[in-house]
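Student: In this note's numbering, the protein residues as written are 6 to 429.
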């Protein structure tokens, strides 16, 4: 009897492990690829960490902007490309008006909000006409909007609408220049990143201190259990001590953390979690789980879906502003084109699906996706003698991950349906 129970436990554990690997196959595959790439690239860990933190600071916000539409059952919002376009329109006008630094960045954020919200409203209305096909619809909408964007920047700006700022118009022609430089006295390069930079060890101490203080407040106000609070504070203390160790400090010696940027990313995580606890957040979940049941319970499904897309589009616009202020310039006609695909691939890498996503999955996916982007060219050069192969591999991966995730989701969905039919 005892041996039989042990066999049952062994089979159950084996089955659970298999289920976990199946659900997180994309994430596991990327972890393996990142480890292989890091070994083959020959790059030092301090350099990789320096590059990774730079990429995280400019890309994490826009990946987190995808969560709400996924929870609302609309899949990956590839139409965030249009939010990025709205941000670049706002950035152009801020430079034209000569509002520089943090004031220019904040002005661009304020201008982006109504433009992106209006675009999001139109996108949401259109997606309500194509229920079940939102992802392909968002992708095509991005291409359509890109045509209008090109018309606006090539013909209307600088021709019908004059631009007077130096360097904004193509010399000897009309239309906006191919590259908009944000490092001039009219730009807002490092407007957010340059406010407060500290070493990685100091950043960990500050973040752990904030988390521990917030946990104590929640414990005193009885919003958290004592056991859970103790575990969280213990993890904070362990992390703070670990990052002060000499060999760990050496690994992050090149890293300079833009604290305000990561604070903004953290605030978006808090916003996503807090929103899900509100009435509209519960409606997002209800609509995402079953539109028919949500409609029967009195929820205006179409309205909820439009709100989800509007929020996502505005957040994507702000994320694009964070991206361009970090880069210091942007390609006028191409900086927005891959935003949706790269962000979508990143969130899928973290273990999210087209029905469920969390902040943790978005951030993990962003880390893994961009880690592979850092090491792939050098790994390709060392393995095949050509760095271009690493570049091609990166592009292949970005599209392949989306395809693989969608195939696995369809396979898992069909498998669940068959199990339900067998049970009946």
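Ideal Cβ placement from N, Cα and C applies to all residues, glycine included.
#1: State the DSSP-derived secondary structure class of residue 307, mapped to helix, strand or coil.
#2: Curious, which full-length alpha helix (DSSP H) runs of at least 4 residues does the segment 214–285 contain?
#3: Considering only C-alpha positions, which residue in the set 113, 266, 163, 300 is nearest to residue 179?
#4: Taking the straight line between their C-alpha atoms, what separation do you get for residue 361 and residue 260?
#5: Going by DSSP, name the residue or residues bridged to residue 162.
#6: Taking only the alpha-carbon atoms, compute the straight-line gap between residue 119 and residue 222 and give it to the nearest angstrom.
#7: Drop a sphere of 10 angstroms on the beta-carbon of residue 321, count the other beta-carbons inside from all chains shown, and report buried for 16 or more, exposed for fewer.
#8: Between which residues of its own chain and residue 6 is the CB-CB distance below 8 Å, once the five residues before and five after are set aside?
#9: List the endpoints of the continuous alpha helix (DSSP H) containing residue 46.
#10: Can you name the residues that DSSP bridges to residue 184?
#11: Quick one, which of 425, 258, 71, 342 has its alpha-carbon nearest residue 155's?
#12: Please go through the same chain and pick out, in chain order, the residues whose beta-carbon is closer than 8 Å to the beta-carbon of residue 183, but skip the five residues on each side of it.
#13: In whole angstroms, what separates the C-alpha of residue 369 from that of residue 112?
#14: Helix, strand or coil for residue 204 per DSSP?
#15: Give the single residue among 347, 374, 98 whose Cα lies nearest to the Cα of residue 355.
#16: In terms of residue numbering, what span does the alpha helix (DSSP H) encompassing residue 383 cover?
#17: Since residue 174 sits in a beta bridge, which residues does DSSP pair it with?
#18: Enumerate, from N- to C-terminal direction, the unbroken alpha helix (DSSP H) stretches of 4 or more residues contained entirely within the segment 50–90.
#19: Flag this pair as touching only if the segment 66–77 and the segment 258–276 have three or more C-beta atom pairs under 8 Å; answer yes or no.
#20: For the alpha helix (DSSP H) that contains residue 342, what are its first and last residues?
#21: Which whole-angstrom value is the C-beta distance of residue 353 and residue 301, which I expect to be below 8 Å?
#22: Report the option in 122, 123, 146, 267 whose CA atom is closest to the CA atom of residue 132.
#23: Evaluate residue 52 with the Cβ neighbour count: other Cβ atoms within 10 Å of its Cβ, from every protein chain shown; 16 or more gives buried, anything less gives exposed.
#24: For the candidate residues 266, 76, 121, 46, whose alpha-carbon lies nearest to that of residue 394?
#25: Measuring only the C-alpha atoms, how far is residue 43 from residue 384?
#26: Is the Cβ-Cβ distance between residue 31 and residue 406 less than 8 Å?
#27: How is residue 118 classed by DSSP in three states: helix, strand or coil?
#28: Output needed for residue 139: all residues of its chain with C-beta closer than 7 Å, excluding positions within five of it in sequence on either side, in chain order.
#29: With a Cβ-Cβ cutoff of 8 Å, do residue 85 and residue 318 count as a contact?
#30: State yes or no: is the C-beta of residue 333 within less than 8 Å of the C-beta of residue 197?
#31: To the nearest angstrom, how far is the alpha carbon of residue 285 from that of residue 313?
#32: Among 326, 206, 257, which residue has its Cα nearest to the Cα of residue 241?
#33: Specify, as a first and last residue, the run of the alpha helix (DSSP H) that residue 504 falls within.
#34: For residue 127, which of 308, 75, 224 has the nearest alpha-carbon?
#35: Whole angstroms are fine: how far does the CA of residue 110 sit from the CA of residue 95?
#36: Whole angstroms are fine: how far does the CA of residue 401 sit from the CA of residue 171?
Tutor: From the atom records:
#1: Note: residue 307 maps to helix in three-state DSSP.
#2: The alpha helix (DSSP H) runs of length 4 or more contained entirely in the segment 214–285 are, from start to end of the chain, 231–247, 251–256, 264–281.
#3: When each option's Cα is compared against that of residue 179, the closest is 163.
#4: Between residue 361 and residue 260, the alpha-carbon positions lie close to 33 Å from each other.
#5: Answer by DSSP bridge pairing, in chain order: 166.
#6: One alpha carbon belongs to residue 119, the other to residue 222, and they sit about 36 Å apart.
#7: Around the Cβ of residue 321, a 10 Å sphere holds 16 or more other Cβ atoms; the residue is buried.
#8: Reliability fails at residue 6, whose pLDDT of 48 lies under 50, so the model's placement of it is uncertain and the value that follows must be treated cautiously. There are no such residues.
#9: For residue 46, the enclosing alpha helix (DSSP H) stretches over residues 30–46.
#10: Residue 184 pairs with 336.
#11: Ranked by how close their Cα comes to the Cα of residue 155, the residues 425, 258, 71, 342 have 342 in first place.
#12: Cβ neighbours of residue 183 beyond the five flanking positions: 175, 336, 337, 338.
#13: Taken atom to atom, the span from the alpha-carbon of residue 369 to that of residue 112 is near 31 Å.
#14: When DSSP states are grouped into helix, strand and coil, residue 204 belongs to the strand group.
#15: Ranking 347, 374, 98 by Cα distance to residue 355 puts 374 first.
#16: In the DSSP annotation of this structure, the continuous segment of the alpha helix (DSSP H) that includes residue 383 starts and ends at 364–389.
#17: When DSSP reads this structure, residue 174 sits in a beta bridge with 181.
#18: The DSSP assignment places complete alpha helix (DSSP H) segments of no fewer than 4 residues inside the segment 50–90 at 50–69, 72–76, in order along the chain.
#19: These segments touch.
#20: DSSP places residue 342 in no alpha helix (DSSP H); its state is neither H nor E.
#21: So it is not a contact: roughly 31 Å between Cβ atoms.
#22: With distances taken between Cα atoms, residue 132 lies closest to 146.
#23: Burial call: exposed.
#24: Answer by Cα proximity: 46.
#25: Roughly 7 Å separates the two Cα atoms.
#26: Cβ atoms of residue 31 and residue 406: closer than 8 Å.
#27: Helix.
#28: Counting only Cβ-Cβ distances below 7 Å, and skipping sequence neighbours, we find 79, 80, 132.
#29: Yes; because the gap between Cβ atoms is below 8 Å, this pair is in contact.
#30: Result no, Cβ atoms of residue 333 and residue 197 do not sit closer than 8 Å.
#31: The C-alpha of residue 313 is placed about 9 Å away from the C-alpha of residue 285.
#32: Measuring from the Cα of residue 241, the nearest candidate turns out to be 206.
#33: Since the first residue shown for the chain is 6 and the last is 429, residue 504 is missing from the structure and cannot be characterised.
#34: Checking every option, the nearest Cα to that of residue 127 belongs to 308.
#35: The C-alpha of residue 110 is placed about 10 Å away from the C-alpha of residue 95.
#36: Looking at the two C-alpha atoms, the distance is approximately 39 Å.
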